[in-house]
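Novice: Here it is, the structure in full.
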Amino acid sequence: MKNLALLLILFTTIGCSAQTKISDLDNFEKQTWQDLNDNAIRMIGKDWMLIAAGNLEDYNMMTASWGNLGWLWERPVSTIYVRPQRHTHNYTEREDYYTVCFFDDSDKEVLRLMGTVSGKDFDKMNYEKLSPIDTPNGSIAFKEAYLIIECKKLYSTVLKEEEFSDSNTMNNIYPKKDFHTVYIGEIVGVWRKK
69 MKNLALLLIL FTTIGCSAQT KISDLDNFEK QTWQDLNDNA IRMIGKDWML
119 IAAGNLEDYN MMTASWGNLG WLWERPVSTI YVRPQRHTHN YTEREDYYTV
169 CFFDDSDKEV LRLMGTVSGK DFDKMNYEKL SPIDTPNGSI AFKEAYLIIE
219 CKKLYSTVLK EEEFSDSNTM NNIYPKKDFH TVYIGEIVGV WRKK
């Protein structure tokens, strides 16, 4: 009976892991950055994105509405902003890659929750409305997204009070002086749901 239970656990683990790689999913199509024709200002600022870093065994994610997609240093890049007190900051600091995932309006409440609870207090890894998948570089992304962009970190810095030209922005956004860490990452993978 014990061996049967072990076989069942092994079979379940193997069965689950077969669907944890993005390359194993037939409803995502690999694209390139040249295929991106979306309105990035709307997608990031109004629809929001989920920033994720880590791997299938240990990851965290957070909703963000600040960021950029563009061209820098002769390559396609994303720019994300993560405050130091966010649990995700530990992961964006530790990992070489991160993903930005975009979702349909029907997932707005999921994004709202992922932006208001901390991975320190809420088990985001086992949240039933998000199914983690593995990218070719070992990053974490989610099956529910319609667009996944994987980025390799190129540069990071912390915003500095003395560098703000507009003190109103600095005072209104950072009254606690908890300045974001800025990450610039090269876009190395793009997947769109079919």
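Residues 69 to 262, numbered by this note's numbering, are exactly what the sequence shown covers, in order. For every residue, glycine included, the Cβ atom is placed at its ideal position computed from N, Cα and C.
In this structure, does DSSP put GLY83 in helix, strand or coil?
Specialist: In the sequence shown, residue 83 corresponds to position 15, counting from 1. Because the pLDDT at GLY83 is just 39, under 50, the model does not fix this residue reliably, and the value given afterwards should be weighed accordingly. The answer is helix: DSSP assigns GLY83 an H, G or I state.
Novice: Considering just the uninterrupted stretch of the alpha helix (DSSP H) at LYS176, what are its terminal residues?
Specialist: Taking the sequence shown and counting its residues from 1, the one referred to as residue 176 is at position 108. 176–184 is the span of the alpha helix (DSSP H), which, as asked, contains LYS176.
Novice: From this set, ASP92, ASP189, ALA120, which residue's C-alpha is nearest HIS157's C-alpha?
Specialist: For the purposes of this step, residue 157 is identified with residue 89 of the sequence shown, where counting begins at 1. With distances taken between Cα atoms, HIS157 lies closest to ALA120.
Novice: Would you mind listing the beta strand (DSSP E) stretches within the stretch 113–197 that are 3+ residues and don't spill past its ends, in chain order?
Specialist: The qualifying runs are 117–123, 126–132, 135–140, 143–150, 165–170.
Novice: Out of curiosity, what's the CA-to-CA distance linking GLU254 and ASP103?
Specialist: As a working mapping, residue 254 is identified with position 186 in the sequence shown. As a working mapping, residue 103 is identified with position 35 in the sequence shown. Spanning the two alpha carbons is a distance of roughly 16 Å.
Novice: Rounded to whole angstroms, what's the CA-CA distance from ALA108 to LEU137? Just pull it up for me.
Specialist: Counted from its first residue, the sequence shown places residue 108 at position 40. Counted from its first residue, the sequence shown places residue 137 at position 69. The straight-line gap from Cα to Cα measures roughly 7 Å.
Novice: Assuming ILE90 and ALA209 form a contact by the criterion Cβ under 8 Å, report the distance between their Cβ atoms to the nearest whole angstrom.
Specialist: As a first step, residue 90 is located in the sequence shown; it is residue number 22 there, counting from the start. As a first step, residue 209 is located in the sequence shown; it is residue number 141 there, counting from the start. With 8 Å as the limit, ILE90 and ALA209 qualify as a contact, their Cβ atoms being about 6 Å apart.
Novice: Heavy atom of the ligand ADP less than 7 Å from the Cβ of GLY183, yes or no?
Specialist: This structure lacks the ligand ADP, and indeed carries no ligand of any kind.
Novice: In terms of alpha-carbon separation, which member of GLU177, TRP141, THR249 lies closest to LYS197?
Specialist: Residue numbering aside, residue 197 sits at position 129 when the sequence shown is read from its first letter. When only C-alpha atoms are compared, the closest one is GLU177.
Novice: Measuring alpha carbon to alpha carbon, tell me which of VAL168, GLU125, TYR242, ILE148 ends up nearest GLU218.
Specialist: Numbered from its first residue, the sequence shown carries residue 218 at position 150. Nearest C-alpha to GLU218: VAL168.
Novice: Do the CB positions of ASP202 and LEU124 come within less than 8 Å of each other?
Specialist: In the sequence shown, residue 202 corresponds to position 134, counting from 1. In the sequence shown, residue 124 corresponds to position 56, counting from 1. Closer than 8 Å, so yes.
Novice: Quick one: Cα of LYS192 to Cα of MET182, how far?
Specialist: What you label residue 192 is simply residue 124 of the sequence shown in a count that begins at 1. What you label residue 182 is simply residue 114 of the sequence shown in a count that begins at 1. Going from the Cα of LYS192 to the Cα of MET182 covers about 8 Å.
Novice: Relative to the C-alpha of GLU161, which candidate in VAL226, LYS261, MET238 has its C-alpha closest?
Specialist: Here residue 161 refers to the residue found at position 93 of the sequence shown. Looking at the Cα atoms, VAL226 is the closest of the given residues.
Novice: So, is the C-beta of LYS262 closer than 8 Å to a C-beta in chain C?
Specialist: Of the chains in the structure shown, none is chain C; there is only one protein chain.
Novice: Tell me which residues share the same chain as GLU229 and place their Cβ nearer than 8 Å to its Cβ, disregarding the 5 neighbours each side in the sequence.
Specialist: Along the sequence shown, one-based indexing puts residue 229 at 161. Cβ within range, chain order: MET238, TYR242, LYS245, PHE247.
Novice: Using only alpha-carbon positions, find the residue among VAL150, ASN95, ASP172, VAL145 that is nearest to THR249.
Specialist: As a working note, residue 249 is residue 181 in the sequence shown. Nearest option by C-alpha distance: VAL150.
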